[in-house]
Amino acid sequence: MGDISNYFEGVTTVFRNKDLLQIDHVPDNERLIIGRESQLNALATGLQPAVEGQKPNNVLIYGKTGTGKSLCSKFMARQLVSAASENDVSVGVAYVDCFQDSTESQVIRSLGSTINDQEVTDETFPASGVSTSECYKRAWRVMDELYDVVVVVLDELDKMDDPNSALMNLSRAAEAEKIQSCKLGIIGISNKPRFKDRLNERARSSLCQRDFVFPPYDADQIEQILEARDGAFKDDVLEPGVIPRAAALAAREHGDARKAIDILRTAGEMAQEEQAETVREGHVDAAQVQTERDHLIEVLAEQPPHSRYVLKSVALLDQRMSDDRAVKSSDVNQLYRQICTEQYSSDPLSWRRVRDLLHELEFLEIIERKRKGAGRGEGGYMETHLLDAPEIVIDACDAIESDAH
DNA sequence: ATTCCACAGGAACACCCGGTCA
DNA sequence: TGACCGGGTGTTCCTGTGGAAT
């Protein structure tokens, strides 16, 4: 390790084109999208009018994480832009991740700034300082000025605080004469099939003109997906069992192709790090643990410190509980208060706030909760379960804490 | 079917920060 | 500059509720 050149010699042992394994990589050839022919056709039918400059249908897509919803939407939006440009129709696509931009205000600002061209329109979409309604007006002006058709992709729509208002404003833009010449189409993407229930009648009827489901991939399809991207690696670097192993691990959950790709990429990185000639099955298993940990760290790093203390309390309790006994949130609070003073020498937050943090951790899909009633005179409580192994959770919490200091 | 309780979670508010715009 | 604006953290006060025991 003393020799600087060693750092770079290692870089090319395993990978040829690692970009193919980035999760947001959108293939440019539809043959590389596995098992989604009917979904692609359905999307294309919905968007078809936009090619002629007409208003595309609004579409709602359901499907669990890693079933190709975003990939297919991005791919089809890209096809649409090029097909329309042959007819001299200018199509703008705005992809908004509602997990990151979870309020109506953030969504409209994000949407505005992606379709905007400030040099032409002289509009800006600052994160604060301007009211939401002013941002809508600016967005309408940008649309009319720059595009014949705009397609808004609202990914992770179920993660929005209040999807109704934004959906109403967007879907009714034309009827309310907010936009004159430009046509606006919405592609909504949701992880939860029950999402429709949260919508009011107007939002539902306008968004759900067409809706369809992306089913989970089976292990065979995930294998094909990984094989379709094996150009990321040099020839003969992947040992025979590697792709099936990664596919099996991902399929065990619920057919999450994103996870499979993550695992495969990480396995490659680990092989490379130890200067191995090939990627072995052992790398895949280690990569699975690593990706779980990385994901936790990434999510938790953005949470307030006390959220991590609360989570660590959950993990510690989960660890010391005998298998079938569930963790109660009041127990979590007790341990949390103890940890705060003993380990972090910081004042514990109110019980109410702790419940909010638990709610947030549930939203982030780190824990799962279920409400229970304990019986007459015993009150009700909330059962909390970790979604990952407690050791990994504790490790991730500690890693962030020691990283910060 | 009713009763009971501790806990769940909604509402309102206070405070701070970083930003815009006339 | 000072009036707005959105958003995050955190509090207090309060009403809603699951389900075993009655």
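Residue numbers (my numbering): 66 to 470.
Every residue, glycine too, gets a C-beta built ideally from N, C-alpha and C.
- About 5 angstroms separates the Cβ atoms of Arg310 and Val349, confirming a contact at the 8 angstroms cut-off.
- Val214 is bridged by DSSP to Val156, Lys248.
- In this model, Thr78 and Leu85 are separated by some 16 angstroms (Cα to Cα).
- Close CB contacts of Val458 within its chain, under the 7 angstroms cut and outside five residues either way in sequence, are with Leu361, Leu376, Ala380, Leu451 (chain order).
- Under the 10 Å beta carbon count, Trp416 is surrounded by fewer than 16 other beta carbons and is classified as exposed.
- Under the three-pair Cβ rule at 8 angstroms, the stretch 335 to 349 does not count as touching the stretch 107 to 123.
- Assigned with DSSP and collapsed to three states, Gly253 falls in strand.
- Residue pairing from DSSP places Asp276 in a beta bridge opposite Leu125.
- For Leu105, the enclosing alpha helix (DSSP H) stretches over residues 102 to 112.
- Looking at the backbone, the Cα of Asp276 and that of Asn82 are separated by about 36 angstroms.
- Here Leu211 really is in contact with Gly157; their C-beta atoms are around 6 angstroms apart, less than 8 angstroms.
- A Cβ-Cβ distance of about 12 angstroms is found for the pair Cys137 and Asp220, leaving them out of contact under the 8 angstroms criterion.
- Here Gly194 is exposed. Its C-beta has fewer than 16 other C-beta atoms within 10 Å.
- The DSSP assignment places 307 to 318, 322 to 338 as complete runs of the alpha helix (DSSP H) inside the stretch 300 to 362, in order along the chain (cut-off: 4 residues).
- Residues of the same chain with a CB within less than 6 angstroms of the CB of Glu427, apart from the 5 flanking positions on each side, are Arg434 in chain order.
- Ala204 and Asp463 have their alpha carbons spaced roughly 43 angstroms apart.
- Contact between Ala293 and Leu97 holds: their C-beta atoms lie close to 5 angstroms from each other, under 8 angstroms.
- In this structure, the straight-line span from the alpha carbon of Arg206 to that of Thr168 is close to 21 angstroms.
- The continuous alpha helix (DSSP H) containing Thr406 extends over residues 394 to 407.
- In this structure, the straight-line span from the alpha carbon of Ser372 to that of Glu466 is close to 12 angstroms.
- Here the alpha carbon of Ile290 sits roughly 15 angstroms from the alpha carbon of Gly306.
- Taking C-beta separations shorter than 6 angstroms and ignoring five residues to either side along the sequence, the partners of Tyr282 in its chain run Gly320, Ala322, following chain order.
- The beta carbons of Ile99 and Gln353 sit no closer together than 7 angstroms.
- Between Pro228 and Tyr127, the C-beta spacing is not below 7 angstroms.
- For the options Ser255, Val116, Asp468, Thr356, the alpha carbon positioned closest to that of Asp223 is the one of Ser255.
- Nearest to Glu456 by alpha-carbon distance, out of Glu407, Ser198, Met141, Arg358, is Arg358.
- Between Leu272 and Asn123, the C-beta gap is smaller than 7 angstroms, which places the two residues in contact.
- Around the CB of Ser175, 16 or more other CB atoms lie within 10 Å, so the residue is classed as buried.
- Taking the Cβ atoms as the reference, Phe279 lies roughly 6 angstroms from Gln104, within the contact range of under 8 angstroms.
- Between Val172 and Ala241, the C-beta gap is not smaller than 7 angstroms, which leaves the two residues out of contact.
- In this chain, the alpha helix (DSSP H) harbouring Glu427 covers 416 to 428.
- Annotation: Thr449 is outside any alpha helix (DSSP H); the continuous beta strand (DSSP E) that includes it extends over 445 to 451.
- Looking from the CA of Ile252, the closest CA among Val216, Met225, Gln340 belongs to Val216.
- The shortest C-alpha to C-alpha distance from Asp209 to any of Glu95, Asp182, Val397 is the one to Asp182.
- Look at Asp209 here: in three-state DSSP terms it is helix.
- Residues Arg436, Lys437, Gly438, Ala439 of the same chain have their beta carbon placed closer than 8 angstroms to that of Gly445, with the five preceding and five following residues left out of the count.
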